[in-house]
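In what follows, a structure is listed as structure tokens, so that the remarks can point back to it.
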Amino acid sequence: MSGPTRRAALVAAAVTVLFVTTTAGPAGAAPSGAGARAAAATGSEPGTDPAPPPPGPASRVPADAPTAPRPTTNAPPDPFHDAPTPAIHRVVSGLRLESKSVNLKLSARPGLGAGSPVRVAVRFTTASPWQEALYSESSGLVLRAAVPHADFASRLETVTVRLQDTATGASYLKVWGHRVNPVADVRIGDLTFGTSEDCDPGVPPWSAPDPDVYWRDAHGRSGLAALGDNERAGRIPEFAHTLTEVSAADGLRAPTAAWNDRDPVFDPGADPKDRGPLLPARTGRVAWTEEATSGDCSAELAFEMTVTPRSYPTF
């Protein structure tokens, strides 16, 4: 073998030995060179399985994606933590107190898993008799009562509930305040106007008024009724209206009216005053004396109001 040929063969052998050393290495030895760089690129530790590749575009999680809520230690306290037995705790936690008008209902759904029979007694007001029933896992519990409408005022009733675990004899008492809003249909009749006074001072002889009556109903609708000249009495049927299933909680205002003696030269009109809430109220005649805007004379304005209670015994 000639000199140049022999040198080329030696160089090729050296390169082969170097390649085997840098890629395989001895058993247990840390990779070096390109092998170490490959391990670093995948995030795996030398000598371990490589980590999975990062998610591709299709599986990448959006930056604004919702995340699971973090655990919190600020959960509201259990209002029935002092219940003496698990059975009572399950039933009292499932009780629901509702009302519609003057009808109240205490109920619990079936399937609460009480484990032992629980007797539930309730007194819907401080003046009501006690009612009681055994909670049923198959049908639940429903107890009802009706309280007086009174004058249809919104009021807070005191509801007392007593539970007894019949297996252990343990009992538990809870008292709640519950807002009752009696519901009614309200019928407002025609508005009437009447006066026995003369008006137009300083223009003898004084005469009966020429009334312009301004009114506003409980819906907020308003109008003007121009009664005849020298009219001492009149009826305004367009004032009449009906309100269905209303309560004090609706915040409706009572119908109202005002009037003025018409003047061809100067007529300031009239602005009906607020007469307070529509409810509470009772059936009867509503009347008041109203001075004319001009101050010349006064008249009585009145209407009949009928308040009919609404009840919902099976709501």
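Quick note on numbering: the sequence shown equals residues -29 to -1, 1 to 286 in mature numbering (1 follows the signal peptide of the UniProt record, and there is no 0). Glycine is no exception: its CB is placed at the ideal position from the N, C-alpha and C atoms. If you're wondering where the values come from, they're calculated on a predicted model, not measured in any experiment.
Report yes if the C-beta distance between Ala229 and Glu261 is below 8 angstroms; otherwise report no. yes
Tell me whether His120 sits in a helix, a strand or coil according to DSSP, three-state version. coil
So, does the segment 92 to 103 touch the segment 55 to 63, judging by three or more C-beta pairs under 8 angstroms? no
Counting beta carbon pairs with one atom in the segment 194 to 213 and one in the segment 143 to 153, are three or more of them shorter than 8 angstroms? no
If you compare alpha carbons, which of Asp183, Asp221 and Leu198 is closest to Pro243? Asp183
If distances are taken between C-alpha atoms only, which option among Gly84, Ser70 and Asp122 comes closest to Val113? Ser70
Buried or exposed: Thr13, going by 16 or more other Cβ atoms within 10 Å of its Cβ? With a pLDDT of 35 at Thr13, under the threshold of 50, the modelled position of that residue is not reliable, and no figure is offered here.
Relative to the C-alpha of Pro100, which residue among Val132, Tyr185 and Ala219 is closest? Val132
Could you name the residues that DSSP lists as bridge partners for Lys71? Asn74
Using only alpha-carbon positions, find the residue among Thr97, Gly111 and Pro119 that is nearest to Ser72. Pro119
Alpha-carbon to alpha-carbon, Lys145 and Pro55: 13 angstroms
Less than 8 angstroms between the beta carbons of Asp188 and Ile159, yes or no? yes
Quickly, what does DSSP pair Lys244 with across the bridge? List them, please. For Lys244, which the question treats as bridged, DSSP gives no partner whatsoever.
Would Ser109 be called buried (16 or more neighbouring beta carbons within 10 Å of its own) or exposed? exposed
C-beta atoms of Leu272 and Pro248 nearer than 8 angstroms: no
For the alpha helix (DSSP H) containing His60, list its first residue and its last residue. Pro57 to Gly65
To the nearest angstrom, report how far apart Gly84 and Pro284 are at their CA atoms. 29 angstroms
If you follow the beta strand (DSSP E) that Gly111 is in, where does it begin and where does it stop? That residue, Gly111, is in no beta strand (DSSP E); it is neither H nor E in DSSP.
Asp232, DSSP secondary structure in three states: strand
If you draw a straight line from the C-alpha of Thr277 to the C-alpha of His212, how long is it? 11 angstroms
So, at 6 angstroms on beta carbons, what are the nonlocal neighbours of Phe123 in its own chain, with the 5 sequence-adjacent residues on each side left out? Pro153, Ala155, Leu250 and Pro251
Nonlocal neighbours in the same chain, by C-beta distance under 8 angstroms from Val130, ignoring five residues either side: Leu68, Leu75, Leu77, Val93, Arg94, Phe95, Thr96, Val146, Trp147, Gly148 and His149
Cβ pair Thr163, Pro180 closer than 8 angstroms: no
Using only the heavy atoms of the ligand ATP, determine whether one of them is closer than 7 angstroms to the beta carbon of Val151. Only the bare structure without any ligand can be found here, which leaves the ligand ATP out of the picture.
With DSSP as the reference, label Glu168 as helix, strand or coil. coil
Taking buried to mean at least 16 other C-beta atoms within 10 Å of its own C-beta, is Pro26 buried or exposed? A caution first: Pro26 carries a pLDDT of 48, below 50, which makes its placement in the model too unreliable to give a value.
Sub-8 angstroms separation of Ser87 and Ala138 beta-carbons: yes
Do you know offhand how far Gly240's Cα is from Thr264's? 7 angstroms
Any idea what DSSP makes of Phe95, helix, strand or coil? coil
Within 8 angstroms, strictly: CB atoms of Val157 and Val217: yes
Assign Asn45 to buried or exposed, taking buried as 16 or more other Cβ atoms, counted over all protein chains shown, within 10 Å of its Cβ. exposed
Does DSSP put Phe210 in a helix, a strand or coil? helix
Asp238 and Asn231 look like a contact to me (Cβ under 8 angstroms); what is the Cβ gap, rounded to whole Å? 7 angstroms
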